[in-house]
Every structure is written in structure tokens, then in C-alpha cells.
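Structure record follows, encoded as C-alpha cells.
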Amino acid sequence: MPEHSIFPADDPRSQVFIRDGFLRIDNAFSRELAEEARTILWRDTGCDPDDPSTWTKPVVRLGMYPQQPFVEAANTPLLHDAFNLLVGPGGWQPCRSMGTFPVRFPSAEDPGDAGWHIDVSFGLENPDFMSWRANVRSKGRALLMLFLFSDVGEDDAPTRIRAGSHTDIARLLMPAGEEGLSLGELARNGFAESAGRPEVLATGAAGTVYLCHPFLVHSAQPHRGTRPRFMAQPPLLPAQPFNLDAPRQARCPVEEAIVQAVSG
Numbered sequence: 000m001p002e003h004s005i006f007p008a009d010d011p012r013s014q015v016f017i018r019d020g021f022l023r024i025d026n027a028f029s030r031e032l033a034e035e036a037r038t039i040l041w042r043d044t045g046c047d048p049d050d051p052s053t054w055t056k057p058v059v060r061l062g063m064y065p066q067q068p069f070v071e072a073a074n075t076p077l078l079h080d081a082f083n084l085l086v087g088p089g090g091w092q093p094c095r096s097m098g099t100f101p102v103r104f105p106s107a108e109d110p111g112d113a114g115w116h117i118d119v120s121f122g123l124e125n126p127d128f129m130s131w132r133a134n135v136r137s138k139g140r141a142l143l144m145l146f147l148f149s150d151v152g153e154d155d156a157p158t159r160i161r162a163g164s165h166t167d168i169a170r171l172l173m174p175a176g177e178e179g180l181s182l183g184e185l186a187r188n189g190f191a192e193s194a195g196r197p198e199v200l201a202t203g204a205a206g207t208v209y210l211c212h213p214f215l216v217h218s219a220q221p222h223r224g225t226r227p228r229f230m231a232q233p234p235l236l237p238a239q240p241f242n243l244d245a246p247r248q249a250r251c252p253v254e255e256a257i258v259q260a261v262s263g
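Residue 0 is where the sequence shown starts when you use numbering that gives the first Met the number 0, and the numbers rise one by one after that.
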């Protein structure tokens, strides 16, 4: 390694990620791409963007999107550099589709999905999603990502994030070994381990991306604003399993955050 190089986890941005469990990337993709994507998404919602009377549900869930504006948005040079920083060059797979999209509409109705959780990452073949699992090596997921395809203010149902909560989950998962824990087991006490963590709202202009540790505790919330919120939450898939036993100089920030949590 050249003498001027630094360990990725010593980069100031990595230190923020290791401490808080997320890194906000402004202008990660262009507003033009966001607008192109929203045109496709509006069509698939079955709603009229100019007629709020057609916005009858608090949330409409849309599937995977492999079209050009979505793939371009996920593969900008700025994001690739950030993936390399947090997961390591060669440690991640390029995104070839974008999804899922929980499109949230202004509504007084309970959306029914606003509980604290983490996005578990394997055992997804089980039809019971509460049986899906996560383990301390984050099998099947390198990052949780939040892509803002519309401007999101505090009233526009921004995702709620418990900063630093990834360390609480790492400590829960460590004794469970390779088998890990199911979402039902992790949620048994309502994620009370992280209840004292400061709450951050994932707000920002269209084109903002939040790159989150796979164990970060987060939650949806009702939409109290005036315009629908378009956000995607795809995983960044790993190219190889994380290695928590690697020497410190060989660990990426995702691994380093886990090691620091379980050894602290």
C-alpha cells in the first residue's frame, strides 16, 4: 500500500458512517433522472399527479425497476466511489434495478407499516417475512440505501433513523452466530435496545442518497405534507461475504463498525 494511502475506516466520512451508521450523499444523481423516474412511477401508481382526489391510499408499493433512469441513478461515479469507500473495491455488485418503492401519499390514515425495524437479508424464500433473517456478518446485504426521487421535507414522511443503532443490533446478532436471528426475534421487544438513540430524519432534495449500515434501525411514518414522496430502498448486494476476522487494515467500514460494536 502506498505510504500516502489511509485505511478506509480512517477516512473522515467513514468515521461518520462507523459512528452514526449512515452517510448522506447530496446530489448523488441528477434531478433530471429523478424526474424521468417519477414519470414512470406516477404511471404505475394508477394515480393522477394533478388530481389529489385520486390519491386514495396512504402508501402504494411498487416493484423492481430496471429502466435506464433508475439504473443510471444507482450507478453514478459519486455513488461508486462511496460504495468503494464503505464496502471496499470489489466488495459489492452494481445495481441493475431499483426497488422497492413505497410511494407515500398525504393521508390521515395509518399506513400500517410505521414500526421500527432493520431490513433483514436472507431466508427470503420463506413466505413469512417475520422469519427472514440477519446475522452478524450481514449475509446477503452490504448496505441499506435510501434513494430520494422527490424532494423530502420533515412533513413528507421522511424515513426515521436511529443514529448509532447499528451497534445495538450487531451486539444482539453476535451470540447468534451464522444462523442469526429472524425479524420476529429481533423485534420481540420492539427494538428497545436502540430506543435511546438520537433520531434523524432522512430529508433532502431529489437526488439525495442515504447509505446505511445493514443493521441500522429505521422506521416509516405517515405523510403530513402536500406532495407524494417517492423513495426507493434497494440493497447494495455484496460480491463476497464480510470477513470480521480480517486484520484491521483489511476491513472495510461496514466490517469495522461491527467489530467495534461487538468488541467494545
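We treat Cβ as the ideally placed atom computed from N, Cα and C, and that holds for glycine.
Separation of residue j from residue i, as counted between CA atoms
{"i": "residue 22", "j": "residue 233", "result": "15 Å"}
{"i": "residue 267", "j": "residue 32", "result": "Residue numbering for the chain in the displayed model covers 0 to 263; residue 267 lies beyond these limits and cannot be assessed."}
{"i": "residue 187", "j": "residue 198", "result": "21 Å"}
{"i": "residue 212", "j": "residue 130", "result": "21 Å"}
{"i": "residue 46", "j": "residue 95", "result": "27 Å"}
{"i": "residue 26", "j": "residue 167", "result": "30 Å"}
{"i": "residue 194", "j": "residue 111", "result": "20 Å"}
{"i": "residue 117", "j": "residue 182", "result": "8 Å"}
{"i": "residue 134", "j": "residue 255", "result": "15 Å"}
{"i": "residue 173", "j": "residue 119", "result": "15 Å"}
{"i": "residue 191", "j": "residue 175", "result": "18 Å"}
{"i": "residue 65", "j": "residue 14", "result": "33 Å"}
{"i": "residue 34", "j": "residue 156", "result": "19 Å"}
{"i": "residue 171", "j": "residue 209", "result": "24 Å"}
{"i": "residue 67", "j": "residue 28", "result": "13 Å"}
{"i": "residue 40", "j": "residue 228", "result": "11 Å"}
{"i": "residue 246", "j": "residue 71", "result": "35 Å"}
{"i": "residue 38", "j": "residue 259", "result": "43 Å"}
{"i": "residue 121", "j": "residue 139", "result": "6 Å"}
{"i": "residue 99", "j": "residue 61", "result": "6 Å"}
For residue j and residue i, believed in contact at Cβ under 8 Å, the rounded distance
{"i": "residue 169", "j": "residue 86", "result": "Not confirmed; about 16 Å, so no contact."}
{"i": "residue 202", "j": "residue 24", "result": "About 14 Å separates the two Cβ atoms, so there is no contact after all."}
{"i": "residue 132", "j": "residue 179", "result": "5 Å"}
{"i": "residue 230", "j": "residue 148", "result": "6 Å"}
{"i": "residue 205", "j": "residue 42", "result": "Actually they are not in contact, since the Cβ atoms of residue 205 and residue 42 sit about 18 Å apart, beyond 8 Å."}
{"i": "residue 241", "j": "residue 136", "result": "5 Å"}
{"i": "residue 10", "j": "residue 77", "result": "No, residue 10 and residue 77 are not in contact; Cβ-Cβ is about 15 Å, not under 8 Å."}
{"i": "residue 79", "j": "residue 161", "result": "Wrong, their Cβ atoms sit about 28 Å apart, outside the cutoff."}
Residues that DSSP places opposite residue i in a beta bridge
{"i": "residue 217", "result": "116 and 160"}
{"i": "residue 91", "result": "237"}
{"i": "residue 111", "result": "In the DSSP output, where bridge partners are listed per residue, residue 111 has none listed."}
{"i": "residue 168", "result": "Beta-bridge pairing links residue 168 to no other residue."}
{"i": "residue 253", "result": "Looking at the DSSP assignment, residue 253 forms no beta bridge with any residue, so it has no partner."}
Residue i beta carbon near the ligand COA (any heavy atom closer than 6 Å)
{"i": "residue 156", "result": "The ligand COA is absent from the structure shown, which contains no ligand whatsoever."}
Checklist entry - Is it a yes or a no for the stretch 97-108 touching the stretch 220-227, going by three-plus beta-carbon pairs under 8 Å? => result Yes, since at least three Cβ pairs between the stretch 97-108 and the stretch 220-227 fall closer than 8 Å, the two stretches touch.
Checklist entry - What are the uninterrupted segments assigned as beta strand (DSSP E) that are 3 or more residues long and contained completely in the stretch 57-84, given in chain order? => result Those beta strand (DSSP E) runs which fall completely within the stretch 57-84 and span 3+ residues are 58-61.
Checklist entry - Are there three or more Cβ pairs, one per stretch, closer than 8 Å when the stretch 230-244 is compared with the stretch 76-91? => result Of all C-beta pairs linking the stretch 230-244 to the stretch 76-91, three or more are shorter than 8 Å, placing the two stretches in contact.
Checklist entry - Taking only runs of the alpha helix (DSSP H) that begin and end inside the stretch 174-211, which ones reach a length of at least 4 residues, in chain order? => result Complete alpha helix (DSSP H) runs here, min 4: 182-185.
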